[in-house]
Each structure stands twice: as structure tokens, then as C-alpha cells.
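Visitor: Below is the structure I would like to discuss, written out as C-alpha cells.
There are 2 protein chains.
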Amino acid sequence: MAKHDSQLDILFTALGDPTRREILTRLARGPATVSELHNAHDGSKDMALPSFMGHLKKLEEAGLITSEKRGRVRSCRLNPGAFSPVQSWLETQRTLWSERLDRFDDYVTNLMKERKNGTGPKD
Amino acid sequence: MAKHDSQLDILFTALGDPTRREILTRLARGPATVSELHNAHDGSKDMALPSFMGHLKKLEEAGLITSEKRGRVRSCRLNPGAFSPVQSWLETQRTLWSERLDRFDDYVTNLMKERKNGTGPKD
Numbered sequence: 001m002a003k004h005d006s007q008l009d010i011l012f013t014a015l016g017d018p019t020r021r022e023i024l025t026r027l028a029r030g031p032a033t034v035s036e037l038h039n040a041h042d043g044s045k046d047m048a049l050p051s052f053m054g055h056l057k058k059l060e061e062a063g064l065i066t067s068e069k070r071g072r073v074r075s076c077r078l079n080p081g082a083f084s085p086v087q088s089w090l091e092t093q094r095t096l097w098s099e100r101l102d103r104f105d106d107y108v109t110n111l112m113k114e115r116k117n118g119t120g121p122k123d
Numbered sequence: 001m002a003k004h005d006s007q008l009d010i011l012f013t014a015l016g017d018p019t020r021r022e023i024l025t026r027l028a029r030g031p032a033t034v035s036e037l038h039n040a041h042d043g044s045k046d047m048a049l050p051s052f053m054g055h056l057k058k059l060e061e062a063g064l065i066t067s068e069k070r071g072r073v074r075s076c077r078l079n080p081g082a083f084s085p086v087q088s089w090l091e092t093q094r095t096l097w098s099e100r101l102d103r104f105d106d107y108v109t110n111l112m113k114e115r116k117n118g119t120g121p122k123d
């Protein structure tokens, strides 16, 4: 549980930055080199390559992307399976909330029946 | 776009902490007071109330929960609609990836046809 939680910490934190999300969106379309990603970055003029590579490193540490170097060129690709823990967590929240709404629905239905039968509180 | 991005930053960052996710999971079952949430917290002995309330504040700033004070008791409730931007973003990634797989599938199918017809490269 703790291990899984820690993975969610790393994933959500990695996703909490616009540059990193932009990189993921680009890589969802296909692999790209570090230079291509940096040049395509909206704020490439405002962000030096070392800072940009820091974002790539965080994505790689989170398991969201992988990279490999051939000669002097490093290429990156998306690891789409890495989103699964995030999606599972959101799905769990949705299920809990839905169960709660079902219970509330039952409660209101019973209240209406009681009122109709004159067993509940009057208006 | 920038506004939406900034909202995603705040949401993902708020979700990147196990205490905050634990609070959300508890609130998905129904509203609770700050004391109830703090007492139910796994590490309540290790986390003083002011630190715990700091987490509640971050969740409230992200729009994930709302709170109201009656007398000396503050109650919190989940705002499940606040997950929507996160879910939309993940869905966009899934769609982009799926489109890419479709293109790859077409590519492989064409390659196989070319080989079969003897128009492609030989083994």
C-alpha cells in the first residue's frame, strides 16, 4: 500500500507541471528527440535546455517516458501504461462517490414513502 | 488555455500527497468534521492538527473540497466535479495514443500487403 501510494505521489507530482504535460501530449503522437521536444516547447525561448532536460528526467523517474541515446542524439517515447495507477485511483473515487449517491437516493425514496404513508414528519 | 493549465497544475499537485488523497477517499463516503478526518488519518499521531489543516486548505484551494464552520466545528465535503479537468486531460492522452496505435496498425497492414505482393523489401 505504501509503495503504491509513493508511486501515485511521484506520478501526480510529475503531472502537476504544464511543461511536463506538454511533453507527454507531444509524445502521445510518437517518439521524439530531446531537441525536437525542446524546439516544439511553447516557452523554449524562456527555458534553457538543462532546465528542460530536468523535466524529462522527472517524467522518466515517474516511469511516464523512457529514453535512449544513440550517438549524440537522445530519443524519448511515452510509456502509456504508466497512467494506470492514476486512472485506477480516480476510478476508485468515482465508485465510492457513486455508492454514496445510491445510498442517498435510497434515503430520499424511503423518506418520500414515509411521508406518503403519513408515518414521517409533516410539512 | 493558460488558465486551464494552471488549474491542472493545482489539481495534480494537490493529488500528489498521500494524506490529501486519504482525505478525499474518506470524504467520498460522506461529509466529515476536521476532527473526524484528523482522528481517522493513518498518521494522526505523527501529524499535528495545524499541519493536517494545511492539507485541507490545499484541497480547498484546488476546489476539491469545500468547508463550512458552525460554531466551533468545521465540516468538509467533497466537490466531485473538481476531478473533471484531470479526467478530461487523461482522456485526451488516451485518445492521442489510441490514434497513434491505429496509424501504426495501418502501417503494419500495408507493409504486410506489400510483402505479400512482392513490392516491399524481402526477408
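Going down the list, the protein sequences come from chains A and B. For the first sequence, the positions run 1 to 123 when full-length UniProt numbering is used. For the second sequence, the positions run 1 to 123 when full-length UniProt numbering is used. Think of the CB as a built atom: it goes at the ideal place given N, C-alpha and C, for glycine as much as any other residue.
Are three or more beta carbon pairs between the stretch 63-73 of chain A and the stretch 77-85 of chain B nearer than 8 Å?
Guide: Touching, no.
Visitor: When we look at the beta-carbon of Leu101/A and count the other beta-carbons within 10 Å, is it buried (16 or more) or exposed?
Guide: Mapped onto the first sequence, residue 101/A falls at position 101. With fewer than 16 other Cβ atoms within 10 Å, it is exposed.
Visitor: Is Pro18/B close to chain A? Criterion is C-beta to C-beta, closer than 8 Å.
Guide: Along the second sequence, one-based indexing puts residue 18/B at 18. Yes - at least one Cβ of chain A is within 8 Å of the one on Pro18/B.
Visitor: Please list the partners that Asp106/B has in chain A, where partner means a Cβ-to-Cβ separation under 7 Å.
Guide: The residue you call residue 106/B lines up with position 106 of the second sequence. The contacting residues do not exist; Asp106/B stays about 14 Å from chain A at best.
Visitor: Express the C-alpha separation of His41/A and Thr19/A in angstroms, rounding to a whole number.
Guide: For this step, residue 19/A is matched to residue 19 along the first sequence. For this step, residue 41/A is matched to residue 41 along the first sequence. Their backbone Cα atoms lie some 8 Å apart in a straight line.
Visitor: Nearest-angstrom Cα distance between Met1/A and Glu60/A?
Guide: Here residue 1/A refers to the residue found at position 1 when the first sequence is read from its first residue. Here residue 60/A refers to the residue found at position 60 when the first sequence is read from its first residue. Confidence at Met1/A is low in this model, with a pLDDT of 42, below 50, so its placement is unreliable and the value that follows should be read with caution. Looking at the two C-alpha atoms, the distance is approximately 22 Å.
Visitor: Please report how far the alpha carbon of Gly54/B lies from the alpha carbon of Tyr107/B, in whole angstroms.
Guide: Residue numbering aside, residue 54/B sits at position 54 when the second sequence is read from its first letter. Residue numbering aside, residue 107/B sits at position 107 when the second sequence is read from its first letter. Answer to the nearest angstrom: the Cα atoms are 52 Å apart.
Visitor: Where do the ends of the alpha helix (DSSP H) carrying Arg100/A lie?
Guide: Here residue 100/A corresponds to residue number 100 of the first sequence, with the count starting at 1. Its alpha helix (DSSP H) spans residues Ser84 to Lys116.
Visitor: Roughly how many angstroms lie between the CA atoms of Phe52/B and Thr13/B, to the nearest whole one?
Guide: Within the second sequence, numbered from 1, the residue matching residue 52/B stands at position 52. Within the second sequence, numbered from 1, the residue matching residue 13/B stands at position 13. Going from the Cα of Phe52/B to the Cα of Thr13/B covers about 16 Å.
Visitor: Of the residues that make up the stretch 17-40 of chain B, which ones have a beta carbon closer than 8 Å to any beta carbon in chain A?
Guide: For the stretch 17-40 of chain B, which is checked against every Cβ of chain A, the residues closer than 8 Å are Asp17, Pro18, Arg21, Leu24, Thr25, Ala28, Arg29 and Gly30.
Visitor: Measure the CB-CB distance between Leu37/B and Ile23/B and report whether it falls below 8 Å.
Guide: As a first step, residue 37/B is located in the second sequence; it is residue number 37 there, counting from the start. As a first step, residue 23/B is located in the second sequence; it is residue number 23 there, counting from the start. Contact: yes.
Visitor: Cα separation between Pro85/B and Leu8/B?
Guide: The residue you call residue 85/B lines up with position 85 of the second sequence. The residue you call residue 8/B lines up with position 8 of the second sequence. Roughly 7 Å separates the two Cα atoms.
Visitor: Residues of chain A with a CB under 7 Å from the CB of Leu15/B: which are they?
Guide: Along the second sequence, read from residue 1 onward, the residue named residue 15/B stands at position 15. Those within 7 Å of Leu15/B in chain A are Phe12.
Visitor: Pick from Leu90/A, Gly63/A and Ser98/A: whose alpha carbon is nearest that of Arg21/B?
Guide: In the second sequence, residue 21/B corresponds to position 21, counting from 1. Nearest C-alpha to Arg21/B: Leu90/A.
Visitor: Between Lys113/A and Leu15/B, what straight-line distance do the alpha-carbon atoms span, to the nearest angstrom?
Guide: The sequence position of residue 113/A within the first sequence is 113, counting from 1. The sequence position of residue 15/B within the second sequence is 15, counting from 1. Approximately 41 Å between the Cα atoms of the pair.
Visitor: With 16 other CB atoms within 10 Å as the buried threshold, where does Leu27/A fall?
Guide: Counted from its first residue, the first sequence places residue 27/A at position 27. By the 10 Å Cβ count, Leu27/A comes out buried.
Visitor: I think Thr25/B touches Gln93/A, with their Cβ atoms under 8 Å apart; what is that distance to the nearest whole Å?
Guide: Residue 25/B sits at position 25 when you count from the first residue of the second sequence. Residue 93/A sits at position 93 when you count from the first residue of the first sequence. Sure, about 7 Å apart at Cβ, within 8 Å.
Visitor: Compare the C-alpha of Gly65/A against each of Thr33/A, Asp46/A and Ser98/A and name the closest.
Guide: Here residue 65/A corresponds to residue number 65 of the first sequence, with the count starting at 1. In the sequence as presented, Gly is not what sits at residue 65/A; that position holds Ile. Of the candidates Thr33/A, Asp46/A and Ser98/A, the one whose C-alpha sits nearest the C-alpha of Ile65/A is Thr33/A.
Visitor: Hey, does Phe83/A have any beta-carbon neighbour from chain B nearer than 8 Å?
Guide: Here the question's residue 83/A lines up with position 83 in the first sequence. Yes, Phe83/A lies at the interface with chain B (some Cβ there is under 8 Å from its Cβ).
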